[in-house]
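In terms of this note's numbering, the sequence shown opens at residue -17 and continues consecutively.
Every residue, glycine too, gets a C-beta built ideally from N, C-alpha and C.
Remember, it's a predicted structure, so these values are computed and weren't measured experimentally.
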Amino acid sequence: MTESYSVVRGLWAIAKGATQLEPIRPVAGGDRAFHRLMRPRPPPPQLTESTDFSHKTKPCQGSRAAAARLELQRTGGIESHSQPGRNRLMHSGIRAWAMIIRRSVFNRPWAIIEAAAQIVRKDSGLYLIIAAYTLAGLVFLHAVGADDRSAYSIYFADWTKLNCLTFPIFVVIFDAILILHRFSSRRLLVVKTTFSNGRLAYFLSGLCLLMALMIFQGTFTSVKNAMPVWQGGFRFDVVQANIDAFLHFGIDPWRWLYAVAKIDWVRAVVEWNYNVLWFLLNFSALFFVATSPKVASIRTRYVVCFMAVWIIVGSVLAALFLSAGPAFYGLVTGDTARFGEQLAFLTKGLGSFYSAVSYQNYLWSLNEAGRTGFGSGISAFPSVHVGLVTLNALFLREYSRNLGALAFLYVAFVAASSVYLAWHYAIDGYVAASVTFVIYVVARKLVPADSRLLAMRTQTAARPEAVLAIS
C-alpha cells in the first residue's frame, strides 16, 4: 500500500509540471530511495547582472554560456576589460604555473638527474670529439711553446653566463608568451608538459653538452692565438688578396661594394648585423638544438657539423693558409694604400660599441701583447662567420624550403658584410661555404636525419597541447 501511494505521488508531481526529474535507476532501500529518485530538481536561476554563482546549484545546460559570460564580467575577465580582474586572473595563473614547475623540479629531482644522465651517455660520441680536439690542441700548444691557458677561465665566466643564465631566461619568457598568446584553453596542461620531468632532463643534458663545448671553444681560441707563432707571422695575405682581385675582374671586391653602398647608415647596419645579430642567431641556434627535444632527431648531426666547421675551417685550414685579412693588411705587409680608403671610411664607426674598427683594434692589441681575450686570435682564411651561417641555412632548409631560401640570402649578406667591413677577402667566404657544404653532406650520409622529425610535426598538428616552446 505504501509503495502504491508513493507511485501515485510521483505521477501527481509529473502532472503538476515539476521540472526535470533525475533518471531512475534500480536501487535498494525501499520507499525512501524511491522518494529520493523522484524528487524534482529546483528550476534554473534567472541570469541577471547581479546573479551570484557562489551557490552550489548548477544552472541548466542551456544557460552555462550565459553564466560564463556573466561570471567573466563579474570577475573582471576578458570581456569586461577590468584591470583588477585581469590582475587577479594573471596572479592565479602565475601561482598555478609556479606550482607545476615546483612540483616538476623539486618533487622528483633524482628522476630528472637520472634521465639526464642517460641522455649524456647517449652523447658520449660528442664528448669524445671534444676531448680529442682538446687533447690535440694542448699537444699543439706545447709543441709551439705557447703555454697560455687563460682562454679556458675567460670562457668559463662568459660562456656560463650566456648559456646557463641569459638564454634560459629568454626561453622561459618566450614559452610564457607563446602559451598565453596561442592557447586560450588547456594552458595548464601545456605548462605541465613544458616542464615535465622528461623535458627538464633533456634541457639539463643540453646544458652539460654546452658546458663541454665551452672547453672546446677555449681550445679553439688558444690554438688560434698560437697560429702566428707556429707560422712565423701571416704569410698568405698578398697571395689571397691577389686571387681575390683576379676573380673579381682585376678589382678588389670591396671597391665594388663601396661603389654602391659607401653610406654611413649602411655601414652601421652591417656592423650591427655582423658583430651582434650574427652572434645571437648562431649561438641561440646551438642552444636550441642542444636543449630542445623538438629537434632531437638532428641534434647529434648538427653538433658534429658545428664542431667540424670550427675544427676544419677555423683551425686546420686557417693554420695552413694563415692570413690576417684586409683590416690588418698594411700592418703585416707594409702596403697601407691597398685598403687604406676602406679603413678610413670604417673609422667613422668608432663611437659605437659594435664598431668593426674597435674590435679590430682590440684583436691587434692582444696579438701584439701576446695576450688572450674573449674571441681573440686573428685569422682571415677561411671565414668561420660564413661557415656557421651556411650550416644553419642548410639545416633550416630541411625544415622549410622557403625559410632555407631566406637563410641563404642571409649567408650572401654575411659574406658581403665580411668584405665590406675589411674582416675577410671574398675567397674566405667562398671557401668556407664550400667546405661547410661538404661537411654537411658527409655528416648527413653518416648520421641521417631521423624520421621522428616528421612524426613530431604530425603529432604537433594533431595535439595542440604538444606544441612546446623552444626550451
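Residue i, DSSP secondary structure in three states
i: Ile360; result: coil
i: Arg237; result: helix
i: Arg353; result: coil
i: Trp405; result: coil
i: Val420; result: helix
i: Val(-11); result: Bear in mind that the predicted position of Val(-11) carries a pLDDT of just 45, short of 50, making it unreliable; the figure below should be weighed with that in mind. Three-state DSSP puts Val(-11) in a helix.
i: Ser106; result: helix
i: Phe231; result: coil
i: Ser36; result: Model confidence at Ser36 stands at a pLDDT of 48, short of 50, so the residue's coordinates are unreliable; what they give is reported in the following sentence. In this structure, Ser36 counts as coil in the three-state DSSP scheme.
i: Tyr276; result: The sequence as given places Lys at residue 276; Tyr does not occur at that position. It is helical.
i: Val429; result: coil
i: Arg217; result: coil
i: Ile245; result: coil
i: Gln43; result: Low local confidence applies: a pLDDT of 46 at Gln43 is under 50, so the model's placement there is unreliable, with the coordinate-based value given in what follows. Three-state DSSP puts Gln43 in a helix.
i: Arg320; result: coil
i: Ser297; result: helix
i: Leu304; result: coil
i: Phe460; result: Since the first and last residues shown for the chain are -17 and 453, residue 460 lies out of range.
i: Val211; result: helix
i: Val9; result: In this prediction, Val9 has a pLDDT of 45, which is less than 50 and means its spatial position is unreliable; what the coordinates show is noted afterwards. In the structure shown, Val9 sits in coil (DSSP, three-state: anything other than H, G, I, E or B).
i: Ser347; result: helix
i: Ser187; result: helix
i: Ser266; result: helix
i: Val285; result: helix
i: Ser365; result: coil
i: Ser532; result: Since the first residue shown for the chain is -17 and the last is 453, residue 532 is missing from the structure and cannot be characterised.
i: Ser204; result: helix
Distance CB(residue i)-CB(residue j) smaller than 8 angstroms
i: Ala362; j: Ala306; result: yes
i: Glu253; j: Ala326; result: no
i: Val298; j: Val285; result: no
i: Gly322; j: Gly312; result: yes
i: Leu189; j: Asn145; result: yes
i: Leu259; j: Val401; result: no
i: Ala97; j: Gly200; result: no
i: Leu345; j: Ile360; result: yes
i: Gln324; j: Trp236; result: yes
i: Ser340; j: Ala250; result: no
i: Leu115; j: Ile293; result: According to the sequence provided, residue 115 is Tyr. The question's Leu does not apply to it. Yes, they are a contact pair.
i: Phe356; j: Ile136; result: yes
i: Ser347; j: Asn207; result: no
i: Leu328; j: Leu403; result: yes
i: Leu182; j: Ile94; result: yes
i: Tyr184; j: Pro275; result: yes
i: Asp317; j: Leu191; result: no
i: Val417; j: Val295; result: yes
i: Ser132; j: Thr354; result: yes
8 angstroms contact criterion, which residue i and residue j should meet: CB distance rounded
i: Asn264; j: Val371; result: 7 angstroms
i: Val314; j: Gly215; result: 7 angstroms
i: Ala415; j: Val393; result: 7 angstroms
i: Phe218; j: Ile112; result: With 8 angstroms as the limit, Phe218 and Ile112 do not qualify as a contact, their Cβ atoms being about 29 angstroms apart.
i: Cys287; j: Ile421; result: 6 angstroms
i: Asn255; j: Ser382; result: About 22 angstroms; that fails the 8 angstroms criterion.
Nearest candidate by alpha-carbon position, reference residue i, set the options
i: Pro150; options: Asp234, Tyr109, Ala113, Leu268; result: Leu268
i: Thr203; options: Ala309, Thr318, Asp129; result: Asp129
i: Met209; options: Val126, Ile293, Leu376, Val424; result: Val126
i: Tyr134; options: Ile112, Gln100, Met196; result: Met196
i: Ser266; options: Leu304, Asn374, His230, Arg353; result: Asn374
i: Ala301; options: Ser365, Tyr392, Tyr412, Leu160; result: Ser365
i: Trp405; options: Asp234, Pro308, Leu160; result: Pro308
i: Ile409; options: Gly352, Val368, Ser274; result: Val368
i: Ile225; options: Thr418, Phe419, Tyr412; result: Tyr412
i: Val424; options: Ile94, Ala290, Leu304; result: Ala290
i: Gly107; options: Thr282, Val396, His124, Ala398; result: Thr282
i: Phe395; options: Gln342, Ala243, Thr318, Phe310; result: Ala243
i: Ala118; options: Phe138, Ser178, Asp140, Val205; result: Val205
i: Arg320; options: Gln342, Ala227, Gly296; result: Ala227
i: Phe390; options: Tyr381, Leu229, Leu376; result: Leu376
i: Leu304; options: Val211, Asp234, Glu380, Asp157; result: Val211
i: Pro91; options: Ser178, Asn255, Ser382; result: Ser178
i: Phe122; options: Gln213, Trp141, Ala99, Leu186; result: Gln213
i: Leu262; options: Ala194, Trp141, Gly232; result: Trp141
Proximity test, residue i beta-carbon vs the ligand ZN heavy atom, cut-off 7 angstroms
i: Leu191; result: With respect to the ligand ZN, the structure shown offers nothing to examine, as it has no ligands at all.
query = Which ranges does the beta strand (DSSP E) cover as unbroken runs of at least 3 residues, wholly within the segment 127 to 167, from first to last along the chain?
reply = none
message = For a minimum of 4 consecutive residues, which ranges assigned as the alpha helix (DSSP H) are wholly contained in the segment 370 to 402?
response = 383 to 402
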